[in-house]
Amino acid sequence: MADPLGLAGFGVTLRTMFTRPVTENYPEEKAPTAGRYHGRHQLNRYADGLEKCIGCELCAWSCPADAIYVEGADNTDEERYSPGERYGRTYQINYLRCIGCGLCVEACPTRALTMTNDYEMADRDRAALIYDKDDLLAPLHEGEAPPPHAMRESLTAADYYRGEVDS
């Protein structure tokens, strides 16, 4: 039999009226993100500081939003930024266009590009949301020399790609 006065629905209202609200105090208390959260991108380095990006532009080609621009250049013995023949001279990600899908990370053959859990990228200036290579590169750890520098002696580019470079 139907409730002609609607008291059953009012019971739900009364029950929820006396429960404590669930509120996150966001700026002061940050909730942890999921392990596979797609946040800000990061360009990774090898243990000696050389960049993993080889300037192949596969990440830019795989981006459905056309948010990535990569310009590759050749490495020389005098100026070596990555262990391969090429490196990414110019690297930009436009976060006004990025949809956070992660296809660029899947396309990267050297795992140079990964996504961090950093999600606080809001800004009042639109130009500040176009991240350059300097904004995206992983910070140097203690003992790492900033590129350009030569590869470690007795190591080849294949050793770098196999992950045999220790710190």
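Quick note on numbering: the sequence shown equals residues 164 to 330 in the numbering used here.
Ideal Cβ placement from N, Cα and C applies to all residues, glycine included.
Just so you know, these numbers come straight off a predicted model, no measurement behind them.
Beta-carbon proximity check, residue i vs residue j, cutoff 8 angstroms
{"i": "Arg289", "j": "Asn207", "result": "no"}
{"i": "Pro302", "j": "Glu214", "result": "no"}
{"i": "Ala285", "j": "Arg260", "result": "no"}
{"i": "Tyr294", "j": "Gln255", "result": "yes"}
{"i": "Pro184", "j": "Cys219", "result": "no"}
{"i": "Gly251", "j": "Lys296", "result": "yes"}
{"i": "Ser245", "j": "Ile217", "result": "yes"}
{"i": "Thr277", "j": "Gln205", "result": "yes"}
{"i": "Ala270", "j": "Leu221", "result": "yes"}
Assigned secondary structure, residue i (DSSP; H/G/I helix, E/B strand, else coil)
{"i": "Thr179", "result": "helix"}
{"i": "Leu213", "result": "coil"}
{"i": "Tyr254", "result": "strand"}
{"i": "Asp237", "result": "strand"}
{"i": "Tyr324", "result": "helix"}
{"i": "Leu318", "result": "coil"}
{"i": "Leu206", "result": "strand"}
When the options are compared against residue i, the one with the closest alpha-carbon
{"i": "Ala308", "options": "Ala210, Ala171, Arg199 and Phe173", "result": "Ala210"}
{"i": "Tyr232", "options": "Cys267, Leu177 and Tyr324", "result": "Cys267"}
{"i": "Cys264", "options": "Phe173, Gln205 and Cys226", "result": "Cys226"}
{"i": "Gly212", "options": "Thr319, Phe181, Leu300 and Tyr189", "result": "Leu300"}
{"i": "Glu248", "options": "Asn280, Val328, Ala313 and Phe173", "result": "Ala313"}
{"i": "Tyr258", "options": "Asp298, Phe181, Glu241 and Pro190", "result": "Asp298"}
{"i": "Glu316", "options": "Gly306, Tyr324, Pro167 and Val328", "result": "Val328"}
{"i": "Gly203", "options": "Phe181, Ala321 and Thr279", "result": "Per the sequence shown, the amino acid found at residue 203 is Arg instead of Gly. The shortest C-alpha separation from Arg203 is found at Thr279."}
Short CB-CB distance (under 8 angstroms) between residue i and chain C
{"i": "Val185", "result": "The structure shown contains no chain C, having only a single protein chain."}
Inset, instruction - Counting only runs of 4+ residues fully inside the region 265 to 316, write out the alpha helix (DSSP H) ranges in chain order. - result: 266 to 270 and 296 to 299
Inset, instruction - Say whether the region 195 to 203 touches the region 232 to 239, bearing in mind that this needs 3 or more beta-carbon pairs closer than 8 angstroms, one atom from each stretch. - result: no
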